[in-house]
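*Asks:*
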Ligand code: GDP
Ligand code: K
Ligand code: MG
């Protein structure tokens, strides 16, 4: 019985499926996902222990070019700092779209001096697997990948193969976290993230990504978790949209969030949601820091 331990970074441009992949690798929903780019704002750590092997996945905000706003700048820094001290990088791509942001992620990874596995995700959307070959060919000329695996993070296709490769990459070493932990993030943080996910999914493009969520109360009360959270938006009009006609929308967001929380915390949850207008916060790095986006 020898303990094995290591960090594995999941890298790629926004929306290729990094967070979905991490959640399925650890078998728990730790990192929120949505169709919107920039759903993941900070580095999220997911921990998976199987017998003697403990792997810590680092899910990153997607690397992207725009640094115009303070929030973008902070997200890029969070993504970069994941590249030190990892045993393996999983570079995730979506074979349906190749963009400048993929190109940038690829070159960042190339310079990292760590073995890279290419995970070609969303293969459930590809009818003709041979159509992947030109992409594989092109990328293999830039990086010598340790392995190239077509996967579907959503359906679980080939994830057992990926898991075995990850396991084999872990050197001997003591586990850094207790064997039953799934993340280094606080329950408060996870609760806020769950609300943010439902908000992003419910609002579609109506709400800019600058809205955020702050958990104001999180306490256990006789086998019940009492959580209250504020949704922070920039304008009054946005507040109206989040609340919806007759409070319909916020009710829906609350119901969906509560279900996920009950699964994650394995407890009954009483969730109270409200909306606050906080003008201009996304342009202000100091405001971000005070909200915990300080990576
Ligand atoms: P991230 O920004 O790279 O973390 O990407 P997300 O994990 O948030 O996923 C972005 C979108 O792609 C979401 O709508 C996911 O449901 C979807 N997605 C992720 N993996 C797959 C997959 O294997 N197949 C399909 N069809 N969609 C996927
Ligand atoms: K996303
Ligand atoms: Mg993500």
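Residue numbers (this note's numbering): 6 to 300. Positions of the beta carbon are idealized from the N, C-alpha and C atoms, including for glycine. Everything numeric in this text was worked out from a predicted model, so none of it was measured.
1. What is the residue span of the beta strand (DSSP E) that residue 59 lies within?
2. Say the cut is 8 Å; is the CB of residue 23 nearer than that to a heavy atom of the ligand MG?
3. Helix or strand or just coil, what does DSSP make of residue 35?
4. Restricting to Cα atoms, I'd like to know which of 201, 37, 48, 55 is closest to residue 66.
5. Give me the Cβ distance between residue 265 and residue 170, rounded to the nearest whole Å; I'm assuming they're in contact under 8 Å.
6. Secondary structure at residue 182, three-state DSSP: helix, strand or coil?
7. Across the region 223 to 237 and the region 259 to 275, are there enough close Cβ pairs to call them in contact, namely three or more that are closer than 8 Å?
8. Indicate the three-state DSSP secondary structure (helix, strand or coil) for residue 228 in the structure shown.
9. Are the CB atoms of residue 220 and residue 250 nearer to each other than 9 Å?
10. Starting from the C-beta of residue 90, find all residues in its chain whose C-beta is less than 7 Å away, skip the five residues before and the five after it, and write them out in chain order.
11. For the ligand GDP, is there any heavy atom lying closer than 8 Å to the beta carbon of residue 201?
12. Would you tell me roughly how many angstroms separate the C-alpha atoms of residue 63 and residue 212, rounded to the nearest one?
13. Counting only runs of 4+ residues fully inside the region 167 to 223, write out the alpha helix (DSSP H) ranges in chain order.
14. Under a three-way DSSP split, which group does residue 162 fall into?
15. Among the candidates 46, 36, 21, 60, whose CA atom is the shortest distance from the CA of residue 176?
16. If I'm right that residue 201 touches residue 217 with Cβ under 8 Å, what's the distance once you round it to whole angstroms?
17. Ignoring anything shorter than 4 residues or poking outside the region 94 to 160, list the alpha helix (DSSP H) runs there in chain order.
18. Go ahead and pull the three-state DSSP assignment for residue 265.
19. Would you mind reading off the limits of the beta strand (DSSP E) that contains residue 41?
20. Please write down, chain order preserved, every residue whose beta carbon lies under 6 Å from a heavy atom of the ligand K.
21. Which term fits residue 145, buried or exposed, when burial requires 16 or more other beta carbons within 10 angstroms of its beta carbon?
22. Report buried or exposed for residue 282, applying the criterion of at least 16 other Cβ atoms within 10 angstroms of its Cβ.
23. Residue 46: buried (16+ other C-beta within 10 angstroms of its C-beta) or exposed?
24. Would you say residue 247 and residue 208 are within 9 Å of each other, going by their C-beta atoms?
25. Do the CB positions of residue 161 and residue 97 come within less than 9 Å of each other?
26. So residue 182 and residue 35 are in contact, right, with Cβ under 8 Å, and what is the actual spacing, rounded?
27. Is any non-hydrogen atom of the ligand GDP found closer than 8 Å to the C-beta of residue 129, if you look at the structure I gave you?
28. Run through DSSP, which three-state label would residue 238 get?
*Replies:* Inspection of the coordinates gives the following:
1. In the chain shown, counting from the first residue as 1, residue 59 sits at position 54. Unbroken beta strand (DSSP E) run through residue 59: 58 to 64.
2. The residue you call residue 23 lines up with position 18 of the chain shown. Result yes, Cβ under 8 Å from the ligand MG.
3. For the purposes of this step, residue 35 is taken as the residue at position 30 of the chain shown. The answer is coil: DSSP assigns residue 35 none of H, G, I, E or B.
4. In the chain shown, counting from the first residue as 1, residue 66 sits at position 61. The candidate whose alpha carbon is nearest that of residue 66 is 48.
5. As a working note, residue 265 is residue 260 in the chain shown. As a working note, residue 170 is residue 165 in the chain shown. The Cβ separation is near 30 Å, so there is no contact.
6. Here residue 182 is taken as the residue at index 177 of the chain shown, counted from 1. In this structure, residue 182 counts as coil in the three-state DSSP scheme.
7. yes
8. Here the question's residue 228 lines up with position 223 in the chain shown. If DSSP states are grouped into helix, strand and coil, residue 228 belongs with coil.
9. As a first step, residue 220 is located in the chain shown; it is residue number 215 there, counting from the start. As a first step, residue 250 is located in the chain shown; it is residue number 245 there, counting from the start. For residue 220 and residue 250, no; Cβs fall outside 9 Å.
10. Start at 1 with the first residue of the chain shown, and residue 90 comes out as number 85. Only 12 meet the Cβ criterion.
11. Residue numbering aside, residue 201 sits at position 196 when the chain shown is read from its first letter. No, the beta carbon of residue 201 sits no closer than 8 Å to any heavy atom of the ligand GDP.
12. Translated into positions along the chain shown, residue 63 becomes position 58. Translated into positions along the chain shown, residue 212 becomes position 207. Their Cα atoms are separated by approximately 27 Å.
13. 192 to 208
14. Residue 162 sits at position 157 when you count from the first residue of the chain shown. It is a strand residue.
15. Numbered from 1 along the chain shown, position 171 holds the residue referred to as residue 176. Ranking the options by Cα distance to residue 176, first place goes to 60.
16. Start at 1 with the first residue of the chain shown, and residue 201 comes out as number 196. Start at 1 with the first residue of the chain shown, and residue 217 comes out as number 212. 7 Å between Cβ atoms; contact.
17. 105 to 115, 138 to 145
18. For the purposes of this step, residue 265 is taken as the residue at position 260 of the chain shown. Residue 265 falls in the helix class under three-state DSSP.
19. Here residue 41 refers to the residue found at position 36 when the chain shown is read from its first residue. Run containing residue 41: none; DSSP gives neither H nor E here.
20. 19, 20, 38, 39, 41, 42, 44
21. Stepping through the chain shown from its first residue, residue 145 is reached at position 140. By the 10 Å Cβ count, residue 145 comes out exposed.
22. Start at 1 with the first residue of the chain shown, and residue 282 comes out as number 277. The residue is exposed, with fewer than 16 neighbouring Cβ atoms inside 10 Å.
23. Looking up residue 46 in the chain shown gives position 41. By the 10 Å Cβ count, residue 46 comes out buried.
24. Counting from 1 along the chain shown, the entry for residue 247 is found at position 242. Counting from 1 along the chain shown, the entry for residue 208 is found at position 203. In this structure, residue 208 lies closer than 9 Å to residue 247 by Cβ.
25. Numbered from 1 along the chain shown, position 156 holds the residue referred to as residue 161. Numbered from 1 along the chain shown, position 92 holds the residue referred to as residue 97. It is not a contact, given that the beta carbons lie outside the stated cut-off.
26. Sequence index remark: in the chain shown, residue 182 carries index 177 (1-based). Sequence index remark: in the chain shown, residue 35 carries index 30 (1-based). With a Cβ gap of about 13 Å, residue 182 and residue 35 do not count as contacting.
27. Position 124 of the chain shown, counted from the first residue, corresponds to residue 129. Answer for residue 129: yes, Cβ within range of the ligand GDP.
28. For the purposes of this step, residue 238 is identified with residue 233 of the chain shown, where counting begins at 1. Reduced to three states, the DSSP call for residue 238 is strand.
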